[in-house]
Amino acid sequence: MQVLRIGIDDTDSPRGMCTTYVGAVLEKRLIDMGLEKIEHSHLIRLNPNCPFKTRGNAAVSLHFKASNDMVEQAIDTAVKTVEEFYEKGFDETQPGIVIYRSEEVPSEWRSFALNAVRKMVEFDDAKKLAESYGAQLFMFNGGRGIIGALAAIACPLDKVTYEAIAYRVKHNWGTVRRVDKASVELLHRSGLTFDSYDPETGEVRITPHTPCPVLAGVRAKTAEDALKGLSMVKFFEDIELVTVYATNQATDMHLVETTIADIKPFSNVIVKGRVSSIPWTIPGGHVFFELSDGSAHIICAAYRPTGRLRWLTSLLRPGDVVRVMGGVKPKVQGNTLNIEKLEVIEVAEYSRVRPPKCPICMKRMDSAGSGKGYRCRRCRSRLLHGEKTVERRPLKPGIYEVAVSARRHLSKPLTI
Ligand code: ZN
């Protein structure tokens, strides 16, 4: 007997398919051949900021035990299954398979996997690293998918969540998913699962909106709860296949503490600093502010879909101490940190200066121009200094997150 680990990535396109489906079909085929599944298959979300990502940026790995005479046949089945299902005709769809026959996963691979979740990694590095430990590689259409395939085999799941996924029969692919919304609300209220439903918007979150084979995915902290949760949902269409993946979703694995000066584009960071500007809003309702930590400063953004977080962000003032978590995108104004979570550590006493009242007329004075103080329109008196008033803000220390519907797969909800 030997352990056979199979990593797969990059089989989908914006038009369809899903690497988790290819993994689920292959898993079933290997079980039907008599191979023994030694653990749940892994669904690994890679760097959500990667500019090459396909949709959710998910790679999968399968972990089996096979008798020596079955190994070649199993590998052949893996290659044929990927060949059969991957989305053809897209330059950007570059499937890769990594096969590794070993009980132990090299620690160098684990570091590589964490990097693939947190920042940008290179194809050549993945290829060299896989080959140096004797892995077998299969590449299609360029094969950039071996990056994710290797990461999916090696990614440590010390913190783990589970997703039970039901797949649709093929003739329903691309049509509207028929699911009973009331049953999803009940599931949400059961507390067995997380991110099933957005109570802020009333949106069902277990069904994707893409033409892919996924009917619904239910997330939970244990495999049992994920499956039980899925069974609570009423569907008005047939299910082809169900499987449970162990995942790095909702673990915050992508976030790494750093200083602003060390921030790289397309990375995912946690930075602590002081707010150094009054927040500003641009058309579309997106809110920005500048954060400084002594090493440098960076613009932080709360986009419109982030919900209540956007309003909280607009309450920040210079001097507030915060910790910001999120992904970094290069923009025309420089690196911009898109907020996933905002921890307000200290709310500063922020005062605004406004024109003083005239000591003679008791009416509010007008500005006499920049740096020239204030003057009274009636009696012409002048005063040099304005009136300082401490701004009252409904902002309390605490940790705040984006709306459920804006949450990234890797982001850990505050409720779990
Ligand atoms: Zn006056």
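For the sequence shown, the working numbering begins at 2 and goes up steadily by one.
Ideal placement from N, C-alpha and C gives every residue a C-beta, glycine not left out.
Whole-number beta carbon distance between T390 and R365, since they are thought to touch under 8 Å: Not confirmed; about 12 Å, so no contact.
Residues near K358 in its chain [Cβ-Cβ closer than 8 Å; skip 5 each side]: K364, R365, M366 and E388
Residue burial classification, N1 (beta-carbon count within 10 angstroms, cutoff 16): The structure shown does not extend to residue 1, since the chain is modelled only from 2 through 417, so no value can be given for it.
Distance, A60 Cα to R46 Cα: 6 Å
C-alpha gap between L130 and V72, whole angstroms: 23 Å
P331 to V122 span [Cα, whole Å]: 17 Å
Inter-stretch contact at 8 Å, needing at least 3 Cβ pairs: the stretch 249-264 / the stretch 398-411: yes
beta-carbon S293 near ligand 1 non-hydrogen atom, thresh 7 Å: no
V234 and L193 closer than 8 Å at C-beta: no
Spatial distance of E37 from F65 (CA atoms): 5 Å
Three-state secondary structure (DSSP) of E164: strand
Cβ shell of E109 (< 7 Å), same chain only, five flanking positions each side left out: L130
Neighbour-count burial assignment, S382, 16 or more Cβ in a 10 Å radius: exposed
Q74 in three-state terms, based on DSSP: helix
Delimiting residues of the alpha helix (DSSP H) encompassing R30: T20 to D33
Straight-line gap, V195 to R220 (C-alpha atoms, nearest Å): Contrary to the premise, residue 195 reads as Phe rather than Val in this sequence. If you take the alpha carbons of F195 and R220, they lie about 6 Å apart.
Per-residue burial, K342 [other beta carbons within 10 Å of its own, 16 or more giving buried]: buried
Secondary structure of H410, DSSP reduced to three states: coil
Buried/exposed call for E201, threshold 16 Cβ in 10 Å: exposed
Three-way DSSP call (helix, strand, coil) for K389 in this model: strand
R318 beta carbon near ligand 1 (any heavy atom closer than 7 Å): no
According to DSSP, residues forming a beta bridge with K38: F65
Contacting residues, own chain, Cβ-Cβ under 6 Å from R1 (five flanking each side not counted): Only positions 2 to 417 of the chain appear in this structure, which leaves residue 1 out of reach.
Neighbourhood of V185 by C-beta, 7 Å cutoff - its chain only, sequence neighbours within 5 removed: S197, Y198, V205, I207 and V234
Collapsed DSSP secondary structure at F1 in the structure displayed: As displayed, the chain neither begins before 2 nor continues past 417, which places residue 1 out of reach and without an answer.
N- and C-terminal bounds of the beta strand (DSSP E) containing N173: Here N173 belongs to no beta strand (DSSP E), and DSSP marks it neither H nor E.
Between the CA atoms of K273 and G90 - distance to the nearest angstrom: 45 Å
Under 8 Å between C-beta atoms of Y101 and I148: no
Inter-residue spacing [alpha-carbon to alpha-carbon] between D181 and E402: 28 Å
A136 beta carbon less than 8 Å from that of V99: yes
Closest by C-alpha distance to V459, when choosing among H298, A369 and V333: Here the chain comprises residues numbered 2 to 417, so residue 459 is not present and cannot be evaluated.
For G17 and N173, the rounded distance between their alpha carbons: 12 Å
Cβ-heavy atom distance, R383 to ligand 1, below 7 Å: no
Integer Cβ distance of T21 from T162, believed to fall under 8 Å: So it is not a contact: roughly 14 Å between Cβ atoms.
Length of the line joining the Cα atoms of K222 and E392: 43 Å
Other residues of its chain near P360: CB distance less than 8 Å, five sequence neighbours each side excluded: S382 and L384
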